[in-house]
């Protein structure tokens, strides 16, 4: 999990942010206390805090751009629906900070539980509980989330975010080198997804890797960070999960009849990760990424991670 010390965020010191949050939230009538270390994550800045007897996670945007609409409204609605099913933590409040930018924020209940370093560390009961949570998720019909008709549709939608990035023509040599190498593989990924041709159309988490899974003593498994939740195919989540650890199979989690399909989606999962990483590099270079997520160390980590995934994709396609 990505963790880093927080001294200031979105132009506010931690002390200032505590005061602003107290004034901006309807849920608090007490002093807000925020921890000085992040709770990890790339899609948001996640800070643990407490106030009025609530233990919460404060989510703030990764980007410093001004938001015309609140990007957390959809996550709040999804959280309400999924929390009632005991597969997600309870959302508390969504709104904007009372600052000059009207910075969006999202408060969600802190989840006490265990995260594993790898799926192989989970025991049989935990795998069974995870399977049940994923079954519940795929049967839902939430509104307001994207719908992808096929693996090819999903592949192209993610790649277009890189192709249409406003900073692409001014990208660094490092970013261009990564993109050129990936683009040389992309036609083979397209062909592989065209062969699959279809998928189920049910709900998928979209970014199901091991840090987004919390195992609880109550035998519940809660899922975190539904930013990429969409209609596609729930089996994509299984591929995302096992490909993250480069596992061949998890028999208790993946039915025998689905294993070939799950494996066929591995290039799609890797393409998603590579597209996301290059897109983030371009955003970092353009200067719109909040300073906590735009350090030299994080940039080098993303470049190294992208190289690894391109190498892995090359191996799978040959």
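Numbering (this note's numbering), first residue to last: 286 to 603. Cβ atoms here follow ideal geometry from the backbone N, Cα and C, with glycine treated the same way. All values derive from a computational prediction rather than experimental measurement.
Check residue i in the structure and name its three-state DSSP category.
i           : result
residue 401 : coil
residue 600 : helix
residue 340 : strand
residue 390 : strand
residue 380 : strand
residue 291 : coil
residue 589 : helix
residue 320 : strand
residue 547 : helix
residue 507 : strand
residue 331 : strand
residue 638 : The structure shown has nothing for residue 638, since the chain only spans 286 to 603.
residue 345 : strand
residue 594 : helix
So is the beta-carbon of residue i under 7 Å away from any non-hydrogen atom of the ligand FAD?
i           : result
residue 421 : Judged by which ligands are present, the structure shown has none, so any question about the ligand FAD falls away.
In the DSSP assignment, the beta strand (DSSP E) including residue i goes from what residue to what residue?
i           : result
residue 554 : Segment 551 to 571 is the alpha helix (DSSP H) holding residue 554; no beta strand (DSSP E) there.
residue 511 : From DSSP, residue 511 is part of no beta strand (DSSP E); its letter is neither H nor E.
residue 362 : Not the beta strand (DSSP E): residue 362 falls in the alpha helix (DSSP H), residues 358 to 369.
residue 502 : Per DSSP, residue 502 belongs to no beta strand (DSSP E) and is neither H nor E.
residue 300 : Run containing residue 300: none in the beta strand (DSSP E); it sits in the alpha helix (DSSP H), 299 to 309.
residue 532 : Neither: residue 532 is in no beta strand (DSSP E) and is coded neither H nor E.
At which residues does the alpha helix (DSSP H) containing residue i begin and terminate?
i           : result
residue 475 : 458 to 481
residue 525 : 520 to 529
residue 437 : 436 to 448
residue 375 : Residue 375 -> no alpha helix (DSSP H), and no H or E assigned at all.
residue 351 : Element bounds for residue 351: n/a, residue is neither H nor E.
residue 418 : 409 to 423
Thinking C-beta only, is residue j closer than 8 Å to residue i?
i           : j           : result
residue 400 : residue 499 : yes
residue 598 : residue 470 : yes
residue 361 : residue 344 : no
residue 560 : residue 446 : yes
residue 567 : residue 528 : no
residue 433 : residue 563 : no
residue 553 : residue 489 : no
residue 364 : residue 496 : no
residue 460 : residue 570 : yes
residue 305 : residue 578 : no
residue 565 : residue 398 : no
residue 550 : residue 436 : yes
residue 313 : residue 307 : yes
residue 623 : residue 394 : An answer regarding residue 623 cannot be provided, because it is not within the stretch 286 to 603 covered by the chain.
residue 388 : residue 451 : no
residue 532 : residue 404 : yes
residue 416 : residue 386 : no
residue 510 : residue 484 : no
To the nearest angstrom, report how far apart residue i and residue j are at their CA atoms.
i           : j           : result
residue 537 : residue 372 : 19 Å
residue 377 : residue 311 : 10 Å
residue 520 : residue 411 : 19 Å
residue 594 : residue 491 : 18 Å
residue 342 : residue 295 : 16 Å
residue 328 : residue 512 : 8 Å
residue 474 : residue 453 : 22 Å
residue 337 : residue 382 : 18 Å
residue 332 : residue 423 : 29 Å
residue 367 : residue 504 : 17 Å
residue 440 : residue 482 : 12 Å
residue 493 : residue 542 : 21 Å
residue 523 : residue 418 : 12 Å
residue 516 : residue 486 : 6 Å
residue 476 : residue 535 : 27 Å
residue 301 : residue 600 : 49 Å
residue 289 : residue 322 : 6 Å
residue 602 : residue 586 : 24 Å
residue 303 : residue 392 : 13 Å
residue 402 : residue 558 : 19 Å
residue 309 : residue 390 : 10 Å
residue 425 : residue 514 : 11 Å
residue 340 : residue 396 : 9 Å
For residue i, count the other beta carbons within 10 Å of its own beta carbon; 16 or more makes it buried, fewer makes it exposed. Which is it?
i           : result
residue 298 : exposed
residue 379 : buried
residue 591 : buried
residue 431 : exposed
residue 370 : exposed
residue 589 : exposed
residue 455 : exposed
residue 545 : exposed
residue 318 : exposed
residue 580 : exposed
residue 575 : buried
residue 525 : buried
residue 334 : buried
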